[in-house]
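Novice:
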Amino acid sequence: MVALTVREALRDAMAEEMRADPDVFLMGEEVAEYQGAYKVSQGLLQEFGAKRVIDTPITEMGFAGVGTGAAMMGLKPIVEFMTFNFAMQAIDHILNSAAKTLYMSGGEIKCPIVFRGPNGAAARVAAQHSQCYASWYGHVPGLKVIAPWSAADAKGLLKSAIRDPNPVVFLENELLYGQSSDVPDGPDFTVPIGKANIVRQGRDVTITAFSIMVSKAMQAAEKLAAMGIDAEIVDLRTIRPLDGETVLASVKKTNRLVTCEEGWPFAGIGAELSALVMERAFDHLDAPVMRVAGKDVPLPYAANLEKMALPQVDDIIAAAKAVCYKT
Amino acid sequence: MAIAKKKDRPGGIPEASGAELLNYYRKMLLLRRFEEKAGQMYGMGLIGGFCHLYIGQEAVATGIQSALGPGDAVITGYRCHAHMLLAGSDPKAIMAELTGRAGGVSKGKGGSMHMFNRAGNFYGGHGIVGAQVALGAGLAFAHWYRGNDRVSVSYFGDGASNQGQVFESFNMAALWKLPAIFVIENNQYAMGTSQQRSTAVRDLYRRGEAFGLEGLQVDGMDVVAVKATADEAVAHCRAGQGPIVLEVLTYRYRGHSMSDPAKYRSKEEVARVRAERDPIERVRDRLIEAKHSDDEALKEIDKELKGIINDAAEFAQSSPEPEASELYTDVYVA
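Residue numbers (the numbering used here), protein chains in the order written: chain U, 1 to 327; chain Z, 1 to 334.
1) How about I109 (chain U): is its C-beta nearer than 7 Å to some C-beta of chain Z?
2) Does the stretch 303-322 of chain U touch the stretch 265-276 of chain Z, meaning 3 or more C-beta pairs lie closer than 8 Å?
3) Going along chain U in order, which residues have a C-beta closer than 7 Å to the C-beta of E168 (chain Z)?
4) I'd like the list of long-range same chain contacts for L176 (chain U), defined as Cβ closer than 6 Å, with 5 residues on each side in sequence excluded.
5) Consult DSSP for I146 (chain U) and reduce its assignment to one of helix, strand or coil.
6) Answer with yes or no whether the minimum CB distance from Q165 (chain Z) to chain U is below 7 Å.
7) Within a Cβ cutoff of 7 Å, which residues of the same chain sit near K39 (chain U), ignoring the five residues on either side of it in sequence?
8) Starting from V53 (chain U), follow its DSSP beta bridges and name the residues at the other end.
9) Measure the Cβ-Cβ separation of G106 (chain U) and K92 (chain Z) and say whether it is below 7 Å.
10) Nearest by alpha-carbon distance to R203 (chain U): which of U:P192, U:I239, U:V251 and U:G244 is it?
11) Ends of the alpha helix (DSSP H) at D295 (chain Z)?
12) Across which residues does DSSP place C132 (chain U) in a beta bridge pair?
13) Give every residue of the same chain whose Cβ lies closer than 8 Å to the Cβ of M1 (chain Z), excluding the five residues on either side of it in the sequence, and list them in chain order.
14) At 8 Å on the CB atoms, spell out the chain Z contacts of A70 (chain U), in chain order.
15) Would you please state the rounded distance, in angstroms, between the beta carbons of A142 (chain Z) and M1 (chain U)? I believe it to be under 8 Å.
16) Find the residues of chain Z that neighbour Y103 (chain U), judging by a C-beta separation of less than 7 Å, and give them in chain order.
17) Look at the alpha carbon of I316 (chain U) and the alpha carbon of I193 (chain U), and state the distance between them as a whole number of angstroms.
18) Going along the stretch 121-149 of chain U in order, which residues come within less than 8 Å of chain Z, judged by CB to CB distance?
19) Under three-state DSSP, which class holds M1 (chain Z)?
20) Taking the beta carbon of P112 (chain U) as the centre, do at least 16 other beta carbons fall within 10 Å, making it buried, or is it exposed?
21) Count the other CB atoms within 10 Å of the CB of I75 (chain Z); is the residue buried (16 or more) or exposed (fewer)?
22) Could you spell out the range, first to last residue, of the alpha helix (DSSP H) harbouring I55 (chain Z)?
23) Once the 5 residues before and after A358 (chain U) are set aside, which same chain residues still bring their CB inside 6 Å of it?
24) Below 8 Å on the Cβ atoms is my contact criterion, and I expect A313 (chain Z) with M41 (chain Z) to pass it. Report the Cβ-Cβ distance as a whole number of Å.
25) DSSP puts F156 (chain Z) in a beta bridge; with which residues?
26) Just reading off the beta strand (DSSP E) that Y123 (chain Z) is part of, what are its end residues?
27) Suppose the cutoff is 6 Å on Cβ atoms and the five residues either side in sequence are ignored; what does the same chain contact list for S66 (chain Z) look like?
28) Quick check: the Cα distance between K336 (chain Z) and G48 (chain Z), rounded to an integer number of angstroms?
29) Please classify V270 (chain Z): does DSSP put it in a helix, a strand, or coil?
30) Would A309 (chain U) be called buried (16 or more neighbouring beta carbons within 10 Å of its own) or exposed?
31) Under three-state DSSP, which class holds C237 (chain Z)?
32) If you draw a straight line from the alpha carbon of W144 (chain Z) to that of D231 (chain Z), how long is it in whole angstroms?
33) Quick one: which chain B residues come within Cβ less than 7 Å of I280 (chain Z)?
34) Just the C-alpha distance for L305 (chain U) and S130 (chain U), rounded to the nearest angstrom, thanks.
35) Helix, strand or coil for M221 (chain Z), going by three-state DSSP, please let me know.
36) Let me check understanding here. Comparing Cα to Cα, which of U:I94, U:Q219, U:G268 and U:C132 lies closest to E60 (chain U)?
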């Protein structure tokens, strides 16, 4: 084990896969000379050179298309978006060109590509720079969607994403980049796509979360323990394919579910999990599922309003108490 | 810095040999007979959805394809039947894709707009106008990354040439000197909107000027001229001089798709082009004038091609619909 920040873990994942496979390359805005807008690609230009670490112009739709075309010919691009907010310019290529072509071609054209970058709210950057796209991309058959929390998962899942023969959307979080945790050493370590992780065992209520919301769920669980509520935290890690079995097994044990996400509640990941549990564990529920999500507004700039709009630890505690019928 | 220019041809275009002309004739006639049959089958309700025919534009893909070699990549939009035929795909499998059958090239899951031939280096068959230009730059990028001398040809229309990602692609291709040939098939109408009503500056071969891209313009109803100009474009790319724009002036006889009655232009306009500029008739006239062939021999070719197309139509109707189990296959690579 070695203690790494999420930022270092992501960089190491890319470097290891680029060493192992000459078809893997990184392209995006500021990934080379600048060493990454958030310094995730630190040192990669120096090790791999300008042909494999490519600064692009500010032209998201164009370079997403270029990467996708290169993948159709068998290369394995990692396309970095400075943030997923800017990937809105490129979403046509992610969906129509990358995700659907295998199906439309009857299996003829594969598209092994990773679209990665920070997702969700950062701090005080207002509505256009602060959106969670988990449910947007999670909606699309043909895509795999990953949103890791720990440094180990960031590394292991990014390596799996790069090796995966399908298009993968890899949602990072700017506020997690500096968080440090233990990562298994060595280039053989990977984490399988599509497997959730129970990061805290508990008996009384299941709390699902992903990305930065796992941090908040863990803080909530500590406070809930002091109130006599023993929460089980499921880190979804992968949004698509969703590990429904792990969630269902946990709910069958605790009989209660609180879902957490930073994105908007309408048609969100929590709504999907609610449907899943309704369809497949209805008789196990002792309380209605509760969703903790971002408020249904564009994210405001003012510090107090921003805090109100984003889901907080206290919101998770309130939801957990409600489903446990504790006041 | 290179600038766009209309190519002067002081010596004119060298005439093609009899064998070359016959080869073009045969290929173009195959495309036309295929599309005529597809139009007929659409009218009979055997083909669904959107169906965009290539009739009138045959010299474009035929001439350019003739300038390419093994490993050169091709990509286009939704008007892709001709490109599939020229990539060497079986007419039966193409027609069966149009009818949505199991024997279709995409197993019936793509339809008229989404067909691919990896072995023939044809990368589709894309339905979002302009998307194929960025993807085509990506195919050129892959050649550049691998350090080979292969080129990529991206076909798009005068309508698509106004899409923002076309300019994004020009910029990156020029910046990295990608071996990309950007072919603007200018058939004068973006669906129902004429160039006059959609495009501020209509010299489309100049579309790459702001990025230093050289541009060529050619009469797209003359297959020999198209081939000769494509040869120049291919040589430019193979020599490592980066991307090039090739505007091909052409015309489609049918509506934008089968559901378009084409009321935005006069019947006389269409009839005039057919009578004066038809790419197949022009080759036919040359073949006969130069005594490379005669009426009877050309009729024989037509008969043979009609046989191939009738077999394709027969197959496309007798091939079964896809198995229900195919619904969930090919969503992911296992």
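Don't be surprised by glycine CBs; every beta carbon is placed ideally from N, CA and C.
Just so you know, these numbers come straight off a predicted model, no measurement behind them.
Specialist: Let's see:
1) yes
2) no
3) T59, M61 and G62
4) V6 and I212
5) strand
6) yes
7) R7
8) U:L26
9) no
10) U:V251
11) D295 to S318
12) DSSP, once it has assigned bridges, lists no residue as partnering C132 (chain U).
13) The predicted model places M1 (chain Z) with a pLDDT of 43, which falls under 50 and marks its position as unreliable; any figure quoted below should be read in that light. The residues are G212.
14) G138, L139, F141, A142 and Y145
15) About 38 Å separates the two Cβ atoms, so there is no contact after all.
16) K109, D330 and V331
17) 27 Å
18) P141, G142 and K144
19) Here M1 (chain Z) scores only 43 on pLDDT, less than 50, and its place in the model should not be relied on; the value that follows carries that caveat. Coil at M1 (chain Z), not helix or strand.
20) buried
21) buried
22) Looking at the DSSP string, I55 (chain Z) is not in any alpha helix (DSSP H), and its letter there is neither H nor E.
23) The shown model of chain U, from 1 to 327, leaves out residue 358 (chain U), and the question about it has no answer.
24) 6 Å
25) Z:I184
26) F122 to G125
27) K227
28) As shown, chain Z starts at 1 and ends at 334. That puts residue 336 (chain Z) outside it, with no answer to give.
29) helix
30) buried
31) helix
32) 20 Å
33) Absent from the structure: chain B. Protein chains present are U and Z.
34) 14 Å
35) coil
36) U:I94
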